[in-house]
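Here our numbering is used: the first residue of the sequence shown is 137, the next is one more, and so on.
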Amino acid sequence: QVQLDESGGGLVQAGGSLRLSCAASGRTFSTLGMGWFRQAPGKEREFVASISRSSGSTFYADSVKGRFTISRDNAKNTVFLQMDSLKPEDTAIYYCAARGRSPTYEYWGQGTQVTVSS
137 QVQLDESGGG LVQAGGSLRL SCAASGRTFS TLGMGWFRQA PGKEREFVAS
187 ISRSSGSTFY ADSVKGRFTI SRDNAKNTVF LQMDSLKPED TAIYYCAARG
237 RSPTYEYWGQ GTQVTVSS
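Have a look at this one:
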């Protein structure tokens with residue numbers, strides 16, 4: 137079983153930055169593909185970004201491309217989401233997710249709230 141613990145959310149003005157962290161435990165971190173998702177009020181959860189086990193590949197939703205950066209530190213069992221040029225529409229609960237060899241994400245964190253004021 138994998139446990140995921142997100143942190144770093146908060147309230148920020150439009151144009152500002154936040155850095156989310158997700159600490160993983162329960163499994164060798166380097167065997168996990170990692171991703172970030174978000175869910176805004178009244179909307180379905182959506183994909184934000186993902187990173188491969190070796191950090192060799194990253195993918196982003198079009199809505200965050202060029203503003204958000206996903207990275208990981210396998211020595212610290214942590215994945216990060218650097219969010220710059222934040223917009224009010226980025227307001228959501230952000231979730232960290234992990235998967236082993238499954239094509240779908242099997243493990244989810246509890247989420248961290250990000251609120252961007254205009």
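Heads up, the beta-carbon is just placed ideally off N, CA and C, and yes, glycines get one too.
Worksheet item: Based on the DSSP output, what are the partners of Y231 in its beta bridges?
Response: Translated into positions along the sequence shown, residue 231 becomes position 95. Residue pairing by DSSP places Y231 opposite F173 in a beta bridge.
Worksheet entry | Limits of the unbroken beta strand (DSSP E) element including R155 | On the sequence shown, residue 155 is found 19 positions in, with the first residue counted as 1. Element bounds for R155: L154 to S161.
Worksheet entry | Endpoints, the beta strand (DSSP E) within which Q149 is located | Residue numbering aside, residue 149 sits at position 13 when the sequence shown is read from its first letter. G146 to Q149 is the extent of the beta strand (DSSP E) around Q149.
Worksheet item: What's the C-alpha gap between Q175 and Y231?
Response: Start at 1 with the first residue of the sequence shown, and residue 175 comes out as number 39. Start at 1 with the first residue of the sequence shown, and residue 231 comes out as number 95. Distance between the alpha carbons of Q175 and Y231 is about 8 Å.
Item to complete: Out of A185, R203, S190 and I206, point me to the one whose CA is closest to Y196's CA.
Response: Position 60 of the sequence shown, counting from 1, holds the residue named residue 196. Of the candidates A185, R203, S190 and I206, the one whose C-alpha sits nearest the C-alpha of Y196 is A185.
Worksheet item: Is it a yes or a no for the segment 197-205 touching the segment 138-149, going by three-plus beta-carbon pairs under 8 Å?
Response: Put simply, the segment 197-205 does not touch the segment 138-149. Fewer than three CB pairs are less than 8 Å apart.
Worksheet item: A185 bridges to which residues according to DSSP?
Response: On the sequence shown, residue 185 is found 49 positions in, with the first residue counted as 1. DSSP, once it has assigned bridges, lists W172 and Y196 as partnering A185.
Item to complete: With DSSP as the reference, label S166 as helix, strand or coil.
Response: Taking the first residue of the sequence shown as position 1, residue 166 is located at position 30. If DSSP states are grouped into helix, strand and coil, S166 belongs with the helices.
Fill in: Alpha carbon of S193 to alpha carbon of G171, nearest angstrom
Along the sequence shown, one-based indexing puts residue 193 at 57. Along the sequence shown, one-based indexing puts residue 171 at 35. Taking the straight line from one Cα to the other gives about 12 Å.
Worksheet entry | Reference W244; option with closest CA among V250, A234 and E182 | Sequence index remark: in the sequence shown, residue 244 carries index 108 (1-based). The option with the nearest alpha carbon to W244 is A234.
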